[in-house]
Amino acid sequence: MTTYPKTSRLMRRGCEFLGSETAILCGAMSWVSERNLVSAISDAGGFGVIACGAMTPELLDTEIAETKKLTDKPFGVNLITMHPQLFDLIAVCEKHAVGHVVLAGGIPPKGSVETIKGGKNPAKVVCFAPTLALAKKLLRSGADALVIEGMEAGGHIGPVSTSVLAQEILPELSEDNVIFVAGGIGRGQAIAGYLEMGAAGVQLGTRFACAAESIAHPDFKKAFFRASARDAITSVQVDPRLPVIPVRALKNKGTEEFTRKQIEVAGVLDREEIAMDEAQLQIEHYWAGALRRAVIDGDVENGSLMAGQSVGMLKEEEPVATIIEKLMAQSEEALARR
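Start counting the sequence shown at 1217; every next residue gets the next number (my numbering).
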């Protein structure tokens, strides 16, 4: 078995927190981060995370149970904070004694963190922090670890780059807290740099999207292999009154359709036919459907090809174990040159 002493030493806190061999999390990608990819990542020494997305509690219950049949290694579940059945989903995670719950999509609603940590099967809570101020607030509110994700990432993104967030947050908080860095990471050399800055580990999504174990459609994967970094663009916000979180995806007809969808929803909001929460949920459901068309059906023209800017580094389908080995070897080589 290959060892990576320098990288492993810097990842020690992250590995202890996750219960995994390496502190490499897989970002939760709707329709992609399901039982097959999640179990493969955990079995290969990483930490898989189920993307609950718009799942019902019943669907999540099945997904967790099926993942457990495929791996006996730790894995987590990512829940969207604006999900109307969030507390029911938390109850499903508790039922299965899921060890780590990742809360994404906004500030956790009142009582959610306490519920996750205070049940019969308490779990550790991981939250996303787009600013230093919010990072401190989330830690005060009970978050056990943070992911700081830059705008280079795929899917929903914030406005600040990974490198800037890392410089702002890691020197202030990493000594006493477990912090993972995400967004635009495609090679181990970058992992080494963030570990040296104080990160306990990293999260990658795009790098795993086209793994051999990913159920993504072959045409979806081919679109990634053809793409360059500049092809992964952010969505445009049409109406400032409709606070749509930007999404990074490969440009296609689906990107243009989203602009039309925003105009449609903004019009309904203008006529006061729906509340703001419902308007935002409509946008979320649009993305869930568009993503499914691309990932599952292979409709790469009209579906959503959510991808981070590291997509330009993807050239071929590889097993998850090979991806993790390459990342660890690249990190180790970089640290050895220091």
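Even glycine gets a Cβ: it sits at the ideal position worked out from N, Cα and C.
Just so you know, these numbers come straight off a predicted model, no measurement behind them.
Straight-line gap, residue i to residue j (C-alpha atoms, nearest Å)
i: Thr1297; j: Gly1371; result: 16 Å
i: Ala1408; j: Val1314; result: 29 Å
i: Val1317; j: His1299; result: 14 Å
i: Thr1218; j: Ser1357; result: 40 Å
i: Cys1309; j: Gly1414; result: 30 Å
i: Met1271; j: Leu1551; result: 41 Å
i: Pro1338; j: Arg1446; result: 42 Å
i: Arg1464; j: Lys1477; result: 16 Å
i: Leu1521; j: Phe1474; result: 12 Å
i: Cys1368; j: Ser1377; result: Looking at the sequence shown, residue 1368 is not Cys but Glu. About 6 Å.
i: Phe1396; j: Gly1335; result: 25 Å
i: Gly1269; j: Pro1387; result: 32 Å
i: Ala1307; j: Val1454; result: 37 Å
i: Lys1340; j: Lys1311; result: 15 Å
i: Asn1294; j: Leu1319; result: 6 Å
i: Ser1246; j: Ala1491; result: 25 Å
i: Glu1237; j: Leu1302; result: 30 Å
i: Lys1467; j: Gln1546; result: 30 Å
i: Ile1280; j: Val1254; result: 10 Å
i: Asp1277; j: Met1544; result: 33 Å
i: Leu1241; j: Gly1366; result: 15 Å
Extent of the continuous alpha helix (DSSP H) run through residue i
i: Asn1252; result: Arg1251 to Asp1259
i: Cys1242; result: From DSSP, Cys1242 is part of no alpha helix (DSSP H) but of the beta strand (DSSP E) over Ile1240 to Cys1242.
i: Leu1466; result: It is not in any alpha helix (DSSP H) - Leu1466 instead sits in the beta strand (DSSP E) that spans Val1463 to Leu1466.
i: Ala1307; result: Leu1302 to Lys1311
i: Thr1283; result: Pro1273 to Leu1286
i: Ile1479; result: Lys1469 to Asp1486
i: Trp1503; result: Met1492 to Val1511
Limits of the unbroken beta strand (DSSP E) element including residue i
i: Val1293; result: Phe1291 to Ile1296
i: His1316; result: His1316 to Ala1320
i: Ala1267; result: Gly1264 to Ala1267
i: Lys1340; result: Lys1340 to Phe1344
i: Arg1331; result: In the sequence as presented, Arg is not what sits at residue 1331; that position holds Thr. First-last for Thr1331: Ser1328 to Gly1334, but that is the alpha helix (DSSP H), not the beta strand (DSSP E).
i: Thr1450; result: Ala1448 to Thr1450
Proximity winner among the options, relative to residue i (alpha-carbon distances)
i: Leu1354; options: Val1376, Ile1257, Lys1336 and Ser1328; result: Ser1328
i: Val1394; options: Ser1444, Gly1470, Glu1500 and Val1342; result: Val1342
i: Gln1525; options: Ala1361, Ala1425 and Glu1384; result: Ala1425
i: Leu1275; options: Ala1260, Asp1304, Leu1286 and Leu1253; result: Asp1304
i: Pro1462; options: Val1452, Ala1398 and Arg1553; result: Val1452
i: Asp1288; options: Ala1443, Glu1517, Ser1258 and Gln1301; result: Ser1258
i: Gly1235; options: Gly1292, Thr1283, Leu1253 and Ala1256; result: Gly1292
i: Ala1256; options: Ala1428, Leu1362, Thr1422 and Asp1360; result: Ala1428
i: Lys1437; options: Leu1286, Leu1530, Ile1332 and His1501; result: Leu1530
i: Asp1392; options: Val1511, Leu1362 and Glu1494; result: Leu1362
i: Val1481; options: Arg1228, Ile1499, Ala1382 and Trp1503; result: Ile1499
i: Ala1443; options: Val1418, Glu1384 and Val1516; result: Val1516
i: Gly1514; options: Gly1399, Thr1538 and Gly1470; result: Gly1470
i: Ala1439; options: Tyr1502, Ala1523 and Ala1382; result: Ala1523
i: Arg1251; options: Lys1285, Gly1230 and Pro1324; result: Lys1285
i: Glu1541; options: Pro1324, Ala1359, Gly1321 and Arg1423; result: Arg1423
Residue-level contact to chain B via CB, residue i, 7 Å cutoff
i: Glu1489; result: This model lacks chain B altogether; it includes just one protein chain.
Stretch pair the region 1338-1350 + the region 1401-1410: three plus CB contacts closer than 8 Å:
no
Using 8 Å as the Cβ pair cut-off and three pairs as the minimum, do the region 1473-1487 and the region 1526-1540 touch?
Touching, no, given that fewer than three Cβ pairs across the two stretches are closer than 8 Å.
Any contact between the region 1263-1271 and the region 1426-1436? By contact I mean 3 or more CB pairs, one from each, below 8 Å.
The region 1263-1271 is not in contact with the region 1426-1436.
Can you give, in chain order, each stretch of the alpha helix (DSSP H) that sits fully within the region 1352-1425 and has at least 4 residues?
1378-1389, 1404-1413 and 1422-1425
Quick test of the definition: if touching needs 3 or more C-beta pairs under 8 Å, does the region 1505-1514 touch the region 1219-1232?
With the cut-off at 8 Å, the region 1505-1514 and the region 1219-1232 do not touch.
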